[in-house]
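Everything on this sheet refers to the single structure shown next.
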Amino acid sequence: MKPVLIARSSVLALLIATAGCAMNEEAAVPAAGTEAAAMEAVASPETPSAEDIAAESARLNEWFDQKFAETISRSPITQTYLGIKDNYGEWDDVSDANALKELEILRADVAEMETSFNPDLLDHQAKISWRIAEMNLKQAEEDYKYLHHGYVFDQMNGVQAEIPAFLINQHQITSKSDAEAYISRLNGVPAYLEQNLENARIALADGIQPPAFVYKYVLSDAQGVITGVPFDDSGKDSPLMGDFRKKVTGLVENGTITQAEADQLLDEATDALTNSVGPAYKAAIAELGEQAKTATTDDGAWKLPDGDAYYASRLTDYTTTDMTAEEIHNLGLAEVARIHDEMRGIMKQVGFEGSLKEFFDFTRTDPQFFKPNTPEGKAEYLDEATGWIDQMREDLPNVFNTFPKADMIVKAVEPFREKSAGKAFYSRPAPDGSRPGTYYANLYRMQDMPTYQMQALAFHEGIPGHHMQIAIAQELTGVPKFRKYGGFTAFSEGWGLYSEYLPKEMGYYSDPYDDFGRLAMEIWRAARLVVDTGIHDQHWTREQAIQYLLDNTPNPEGDARKAIERYIVMPGQATAYKIGMNKIVELREKAKAELGDKFDIRDFHDVVLKDGAVPLDILEENVDAWITETKAAE
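Below, the structure is given as structure tokens:
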């Protein structure tokens, strides 16, 4: 997912999925060689030597890292995501003027690349980097056309919730100066929130406004930020006060600061919350409350200016294909029908008599499939999910050659955002080991987290899913940083969904209900193809889309409602999962058929993972090249 906090800078083109990652703080060095040497390399007609290719590729990688560092230097928020503490007390500039400035910089950077380097003198990885850089510019140009089409305030990535989530989860405090930077950011909330409100005003003037249902979540989130001490006398800390107090107390306990210094910092934080954060959020709540009065119940992207073109652009961006909305819709219908047939087979296994819909109702409601909605039940869920990941870790050598060095943990989504957050998501590790990869499970309502989906969810978000793919990518050598920390939704989420499927072949899901859970999650992604295109292309209503999920998937109504509300504010994103998975499975089966006894699934997984996240067309080229090389090898 693209962090909304940085979506208006050129980081959008270079960092598709930065949340929770980190990079070394060492500055990138300027690209080696003179301009004259570069032009000579571009013009050289001779057959390149291995040394020439290595030198030009290294020079391009250095240049990419230099440009990456320059881009990051303009985004304090991204610096924090990457573990860099420069500009630690600041927020990003999310103005229209800065968005145009960043696009112009990206244009100039790609033009410089194309005139200063020779693509014929590049190795495999450098050629991929070149192509992705050009693709990123093309997509950034497309995104700029629709600069205000994405909702600033919504229940998924809205600024009202991302501000506290960012400070709590990303702003680490290991020194007094870190704490002072946190306070500086608290005092900077009014200006940052006002910039975002201005963007929402511009969008509103252009006829772009979230649907009516969104506002109740946004206003609830915003009110939650300013509920508790020091905003009231409830005796319970507000989310930011509690976070700051905990982090500063940790500094006292480890001897970094004295209690007197901690008290002073807490006083300053209290002042910042009371006089900066509180008034800013109250003003935002008042303004957004007024905007809510003009919101409509039209949900799809079709309602927006140039809505059809905007949605087509989103589909291209997320799927990295040229599939149309109609093609995606029809694919979804076919996949739903196929998976229904597999589910009927499981019904027979467990001896259930009745229709598939009745089986869905049974799995939605029978108490055997749910942990108690108590602290003990939630702790038990986390422990068991961790156990499945630990077991999978032991089995990985059977199907993988390459493993991530970074550790990962399983955590519950924090109370301040659990009402509006998704069912499960992943935050990447810091490469320096200061922060593990984290699978967040939303345990707000245990009825939405059936135990038969526990394994598949853990494998998708953890190992061999997102943690495996993302950690390996950022641990790669010989590739520039923008590729280590970047991503493509179809690749990353396609891998996540493939990682639910792979364990079936490894002997997991031995309980038929667990296998049903795997299929339940796959059909959920297949149904997304139908409802996303239904909402945004075929003018389906929210209730119509919710009913489709209830009729065709076993997920509870809470899941269906939250999911449809997510798809409404993130047009196209939900289509990437199944399209990506289908491509990975298609390429694997192609390799099996062509290689026969020479096929080794561990080598196939290396081909998929060891170039980092790439568009699906590049993935296909890579697999085809591996098939050819393997065939030729004795």
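Residues -24 to -1, 1 to 610 in mature numbering (1 follows the signal peptide of the UniProt record, and there is no 0) are what the sequence shown lists, from first letter to last.
Backbone N, C-alpha and C define an ideal beta-carbon position, used for all residues, glycine too.
What residue range does the beta strand (DSSP E) around residue i cover?
| i | result |
| --- | --- |
| lysine 387 | 384 to 388 |
| threonine 414 | 413 to 417 |
| phenylalanine 93 | From DSSP, phenylalanine 93 is part of no beta strand (DSSP E); its letter is neither H nor E. |
| phenylalanine 401 | 400 to 403 |
For the alpha helix (DSSP H) containing residue i, name the first residue and the last one.
| i | result |
| --- | --- |
| glycine 226 | 215 to 229 |
| alanine 157 | 152 to 181 |
| alanine 503 | 488 to 512 |
| tyrosine 484 | Looking at the DSSP string, tyrosine 484 is not in any alpha helix (DSSP H), and its letter there is neither H nor E. |
| lysine 538 | 533 to 545 |
| histidine 436 | 430 to 437 |
| arginine 320 | 301 to 326 |
| leucine 452 | Where leucine 452 is concerned, there is no enclosing alpha helix (DSSP H), given that its DSSP letter is neither H nor E. |
| alanine 598 | Correcting the residue identity first, residue 598 is asparagine in this sequence and not alanine. Here the alpha helix (DSSP H) through asparagine 598 covers 592 to 608. |
| methionine 557 | 552 to 571 |
| lysine 30 | In the sequence as presented, lysine is not what sits at residue 30; that position holds alanine. Taken as a continuous stretch (DSSP letters only), the alpha helix (DSSP H) holding alanine 30 covers 26 to 49. |
| glutamine 55 | 52 to 57 |
Taking residue i as the reference, give the member of the options with the closest Cα.
| i | options | result |
| --- | --- | --- |
| threonine 250 | Pro440, Glu318, Ile159 and Val375 | Ile159 |
| leucine 264 | Asp284, Leu309, Ala188 and Thr300 | Ala188 |
| isoleucine 540 | Leu505, Lys554 and Leu592 | Leu505 |
| arginine 320 | Leu309, Asp491, Glu46 and Asp576 | Asp491 |
| phenylalanine 336 | Asp209, Phe142 and Ile499 | Ile499 |
| tyrosine 193 | Phe129, Ile149, Arg221 and Asp154 | Phe129 |
| lysine 121 | Asn133, Ala496 and Leu79 | Leu79 |
| asparagine 145 | Lys223, Met89, Asp284 and Asp96 | Lys223 |
| isoleucine 544 | Gly556, Asp579, Val507 and Ile315 | Val507 |
| lysine 457 | Ser25, Val70, Pro95 and Ile108 | Ile108 |
| glutamate 170 | Lys554, Ala285, His515 and Val70 | Val70 |
| asparagine 558 | Val583, Tyr474 and Ala260 | Tyr474 |
Measure the alpha-carbon distance for residue i versus residue j and round it to whole angstroms.
| i | j | result |
| --- | --- | --- |
| arginine 404 | aspartate 366 | 18 Å |
| aspartate 247 | glycine 254 | 10 Å |
| arginine 421 | glutamine 344 | 16 Å |
| alanine 19 | isoleucine 81 | In this prediction, alanine 19 scores a pLDDT of 47, lower than 50, which makes its location untrustworthy; the coordinate-derived value is nonetheless stated afterwards. The straight-line gap from Cα to Cα measures roughly 25 Å. |
| aspartate 527 | leucine 180 | 35 Å |
| lysine 568 | isoleucine 577 | 9 Å |
| aspartate 293 | glycine 441 | 22 Å |
| glycine 588 | serine 210 | 48 Å |
| methionine 299 | valine 590 | 17 Å |
| threonine 517 | glycine 409 | 46 Å |
| alanine 116 | glutamate 329 | 53 Å |
| phenylalanine 575 | threonine 23 | 33 Å |
| leucine 525 | glycine 276 | 17 Å |
| aspartate 219 | lysine 538 | 27 Å |
Applying the criterion that 16 or more other CB atoms from any shown protein chain within 10 Å of the CB defines a buried residue, is residue i buried or exposed?
| i | result |
| --- | --- |
| alanine 355 | exposed |
| glutamine 325 | exposed |
| leucine 76 | exposed |
| asparagine 374 | exposed |
| glutamate 605 | exposed |
| asparagine 230 | exposed |
| glycine 463 | buried |
| glutamine 429 | buried |
| arginine 140 | The sequence shown places proline at residue 140, not arginine. Buried, since its Cβ has 16 or more Cβ neighbours within 10 Å. |
| arginine 340 | buried |
How about residue i and residue j: do their beta carbons lie closer than 9 Å?
| i | j | result |
| --- | --- | --- |
| threonine 232 | lysine 333 | no |
| tryptophan 67 | glycine 204 | no |
| alanine 432 | tyrosine 485 | yes |
| isoleucine 446 | tyrosine 402 | yes |
| valine 312 | alanine 536 | no |
| glutamine 136 | aspartate 197 | yes |
| proline 532 | proline 391 | no |
| leucine 571 | leucine 595 | no |
| glycine 308 | threonine 509 | yes |
| histidine 581 | tryptophan 278 | no |
| glutamine 185 | threonine 270 | yes |
| valine 386 | alanine 406 | no |
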